[in-house]
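J.: Residue numbers (the numbering used here): 158 to 268.
#1: Evaluate the contact criterion for the segment 196-204 versus the segment 164-173: three or more CB pairs, one atom per stretch, below 8 Å.
#2: When we look at the beta-carbon of residue 179 and count the other beta-carbons within 10 Å, is it buried (16 or more) or exposed?
#3: Taking the CB atoms as reference points, tell me whether residue 208 and residue 224 lie closer together than 9 Å.
#4: Label residue 252 either buried or exposed according to how many other C-beta atoms from any shown protein chain fall within 10 Å of its C-beta, with 16 as the threshold for buried.
#5: Does residue 159 come out as helix, strand or coil in the three-state DSSP assignment?
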């Protein structure tokens with residue numbers, strides 16, 4: 158069992174990888190500035206985004222969604238996205254739960 162107390166995640170001061178399993182990756186990211194880069198689409202499967210602190214904007218090809226601490230959003234089928242603070246300079250902390258992960262495993266190849 159791996160246990161992560163909510164205060165540990167919500168008060169994270171930097172981005173870090175928490176765990177990887179064959180069909181799952183868990184990481185926490187602290188994001189302080191808005192991004193000018195394109196939507197991220199280099200994954201397959203699903204991604205659960207949990208906002209632990211701050212107010213965020215989640216951008217996808219279909220639009221933008223404002224998220225607050227405690228909100229969750231599920232992206233399916235490798236949906237392209239980017240997440241950033243609602244206000245530039247006001248940091249957000251988000252937990253990303255990738256399933257099956259960023260890269261295809263041997264069992265997923267060809268899907």
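Where is the CB? At the ideal position from N, CA and C, for every residue including glycine.
T.: According to the data block:
#1: no
#2: exposed
#3: yes
#4: buried
#5: coil
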